[in-house]
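Structure first, then comments.
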Amino acid sequence: MMKVFLLGLALLRVDSLMYPAVISPQDPTLLIGSSLTASCSVDAGSSLRAEDLYWTLNGRRLPAETYEVLNATTLSVTISSLNGSQQQSGDNLVCHSRDGGILAGSCLYIGLPPEKPTNISCWSKNMKDLTCKWAPGTEGETYLHTNYTLKYKLRWYGRDNTCQQYHTAGPYSCHIPKDLALFTPYEIWVEASNRLGVAVSEVVMLDIVDVVTTDPPSNVHVSRVGDLEDQLSVRWSAPPALKDFLFQAKYQIQYRVEDSSEWKQVVDNVGNQTSCRLAGLRPGTVYFVQVRCNPFGIYGSKKAGIWSDWSNPTAASTPRNGRATGVCEPKNGEHNNTLRRELKQFFGWMRKHGSSYGCANLSIKMYDQWRVSLQKSHKTRNQVLSGDKS
Amino acid sequence: MEVLPVDLPNLRTSSSHSQQGIASRISQAHHLSVSMQRGSEQLLTEYVLRQGIPFGNADFNPHVPDFPGLPSPALSQEAWKDLSDAERLQQDVMAFSNLPAFLSAVKRQQEMLNSLASELHRQLETAGMQCRGMASNLKSIMTAMGLMPEPAVPVEPPNPVENFSKKLVGYYVCQLYREWANRSEEDLALLATKYPL
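The listed protein sequences derive, respectively, from chains A and B.
Each residue of the first sequence is one higher than the one before, starting from 1 at the first, in UniProt numbering.
Each residue of the second sequence is one higher than the one before, starting from 1 at the first, in UniProt numbering.
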């Protein structure tokens, strides 16, 4: 009992040593541009008088004209047109004794209420989760620490849920890891709050299946096409997590030469195509190739999905002997007109030159050889027409 | 030459192994105190930065009060020299046993006041852990020397309501931590001369 009593006394003594004066108000919150009148009252037992005191705000002495002696032991100060707070912990308004000693302080929180967060966008990785990001909606600063809370609920029923995992994709983002429903709309919004108020964004509505993204395609292999010096064959597998669902998936391929930073992009492949032949490449050159996937139409969604990241670059080199120009050559006859015309010409050529080959010996190798000879003649013609651009 | 004030049974007959054991513990604790000196300087710098001016100003020098269970280590040179090894160790043990509670209170307050200052929170956490380590090291040195550490005094770190008072209290705690880190370095450096490796 005695120990507690002594401890209590000791604390009291510490208190009056530490706090020889009192400022009022304590920790006020104010709008930028407003005014504040604060008072500093020294301890009755102290030898200090109001005339002995002065004020500072963030270390800057406040002019004596703004002071008023309220009574023998109390001095007030009036500060007008307050600027926004300089730090999150609040501006330091301090009452000093004549020798500069600190008698008391009060932290001021000066700023603006938050504005509505905007530009909410969300994506789901393989339909397992949902990540959303938003913009703070304040062009300038609020000067006050602002908390953001992402909330969501099923549109037709259910209670509000609050997202818990923040800053997963930048400072204004949140991740919902599980327990999401498909084929039903969610309402999603963001609440911003600080000491001066709350602002709520517009509500965004979405179905998880309409904002799906996935992993990059896997097993990307790039290989030569026989001896063809202007072509490489790219093959990949659908991203494993969704591979059984990607009936209408789109893929994009981009490639660049080893010493260039400029990527050339190849037009979307639609459907179950998991290969592409790049043509018009430079011979004897190392190329880096990447592929990405958009799970368009997954589970019947009518909306475009969200492109995955690019796969890690895969490198391969074209053999050295030749030259050309070009784009992704379709392996199957989807882009039919060009291929059909070429095949027609090929068969015509066969009739003329193919007598030493039996029909049974018709092979892609011969077709390749024919293509090589075609390119040689194109090159000659292009050189004559436009100069060598290779 | 100072005579240790307690019985060290069988000191003459104990192997140099136990002397070496004490010497190596003292050396280890001394290394820790040097690390804590650096850490406490960094902590104070980070702390004042986050509280805003006048904290951190060259002329910002409020008197740091004693707290129950965490007094200032300041002593005159003579008074310090007059202390026995046991007294020195005991004072250090008490300070480092109690500092974690104060540092933890400051960390909680700063998590509210400066929620974005994660580096400050991390440094406060690390400081608390190092203090616990130091207290444990010092107790084991005392035990190896045949000394009995006094039981811990319960401490109640101050928990002011007003934010400026929170800032001041945190400042005092960081200052006291730095002072005790410096004091322990001196104490252990002196002990190391008496128990060389």
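Glycine residues also receive a C-beta, built at the ideal position from the N, C-alpha and C atoms.
Test: residue i CB closer than 8 Å to a CB of chain A
i       : result
F102(B) : no
K81(B)  : no
Q51(B)  : yes
D59(B)  : yes
P62(B)  : yes
L190(B) : no
Residue-chain proximity (residue i, chain B), Cβ-Cβ < 8 Å
i       : result
Q164(A) : no
L56(A)  : The amino acid at residue 56(A) is misidentified as Leu; the sequence shows Thr. So, interface residue.
N198(A) : Reading the sequence as shown, one finds Val at residue 198(A) and not Asn. No, V198(A) does not count as interfacial toward chain B.
V42(A)  : no
N83(A)  : no
H167(A) : no
G45(A)  : no
N161(A) : no
D215(A) : no
V77(A)  : no
S233(A) : no
K153(A) : no
N92(A)  : yes
Q248(A) : no
G59(A)  : yes
R88(A)  : Reading the sequence as shown, one finds Gln at residue 88(A) and not Arg. Yes, because at least one Cβ of chain B sits closer than 8 Å to the Cβ of Q88(A).
Close-in-space but distant-in-sequence residues of the same chain around residue i (CB under 8 Å, 5 per side omitted)
i       : result
N98(B)  : G69, L70, A152, V153 and V155
S275(A) : S233, V234, R235, W236 and K331
K264(A) : Q254, Y255 and R256
D129(A) : H175, I176, P177, K178 and L180
W310(A) : P216, Q254, Q290, V291 and R292
K139(B) : V93 and P149
T184(A) : L154, R155, W156 and D207
W134(A) : P117, T118, N119, I120, S121, Y148, L150, Y172, S173, V190 and S201
Contacts around residue i, its chain only, beta-carbon distance under 6 Å, and the 5 residues preceding and following it disregarded
i       : result
V222(A) : L232, V234, V289, T314 and A316
I79(A)  : L36
D27(A)  : C107
Cutoff 7 Å; reference residue i; Cβ partners in own chain excluding five residues on either side
i       : result
Q86(A)  : N58
L176(B) : V64, L70 and S72
E125(B) : K107
N219(A) : W236 and S237
V209(A) : M127, L182, F183, I298, Y299 and S301
P239(A) : T214, D215, P216, P217, S218, C293 and S308
Could you name the residues of the segment 87-101 of chain B whose beta carbon sits closer than 8 Å to any beta carbon of chain A, in the order they occur along the chain? none
Review point. Okay, do the segment 91-110 of chain A and the segment 120-131 of chain A touch, 3+ Cβ pairs below 8 Å being the bar?
Key: no
- request: Evaluate the contact criterion for the segment 175-182 of chain A versus the segment 140-149 of chain A: three or more CB pairs, one atom per stretch, below 8 Å.
  value: no
Exercise. Just list the beta strand (DSSP E) runs in the segment 204-255 of chain A, keeping only unbroken ones of 3 residues or longer that don't cross its boundaries, in chain order.
Key: 204-206, 218-225 and 228-237
* In chain order, each beta strand (DSSP E) run of at least 3 residues that lies wholly inside the UniProt domain "Fibronectin type-III" (116-211) of chain A -> 118-125, 130-135, 147-154, 173-176, 186-194, 197-200 and 204-206
**Asked** Are the segment 83-93 of chain A and the segment 162-180 of chain B touching, with three or more C-beta to C-beta distances below 8 Å?
**Response** yes
Compile a chain-ordered list of the residues in the segment 98-131 of chain A whose CB is closer than 8 Å to at least one CB of chain B.
G100, G101, I102, A104, G105, S106 and C107
Q. Taking Cβ-Cβ distances below 8 Å as the criterion, which residues of the segment 24-39 of chain A are in contact with chain B?
A. Q26 and D27
> Are there three or more Cβ pairs, one per stretch, closer than 8 Å when the segment 136-147 of chain B is compared with the segment 34-53 of chain B?
Replying inline: Too few Cβ pairs lie closer than 8 Å, so no.
Residues in the segment 161-182 of chain B having any Cβ partner in chain A nearer than 9 Å: V161, E162, N163, F164, S165, K166, K167, L168, V169 and Y172
(message) Please list, in chain order, the residues of the segment 111-143 of chain B that have any C-beta partner in chain A closer than 8 Å.
(response) L113, N114, S115, L116 and A117
Q.
Which runs of the alpha helix (DSSP H) at least 4 residues long sit entirely within the segment 31-83 of chain A? Give them in chain order.
A. none
Please specify which runs of the alpha helix (DSSP H), each continuous and at least 4 residues long, are wholly inside the segment 53-113 of chain B, giving them in chain order.
With a minimum length of 4 residues, the unbroken runs of alpha helix (DSSP H) contained wholly in the segment 53-113 of chain B fall at 77-82 and 85-113.
Spell out a yes or no on whether the segment 100-114 of chain B and the segment 81-89 of chain B are touching, meaning 3 or more CB-CB pairs, one atom from each, closer than 8 Å. Remark: fewer than three beta-carbon pairs, one from each stretch, lie closer than 8 Å, so the segment 100-114 of chain B and the segment 81-89 of chain B are not flagged as touching.
query: Would you say the segment 38-58 of chain B touches the segment 185-195 of chain B, given that touching needs at least three Cβ pairs under 8 Å?
result: Verdict: no, contact absent.
#### Entry: Secondary structure, beta strand (DSSP E): runs of 3+ residues fully inside the segment 118-191 of chain B
none
Q: With 7 Å as the C-beta to C-beta threshold (strictly closer), list the residues of the segment 24-56 of chain B near chain A in chain order.
A: R50, Q51, G52, I53 and P54
Inspect the CB distances between the segment 343-354 of chain A and the segment 156-173 of chain A and report whether three or more fall short of 8 Å. no
Within 9 Å of chain B by C-beta, residues of the segment 278-291 of chain A in sequence order
none
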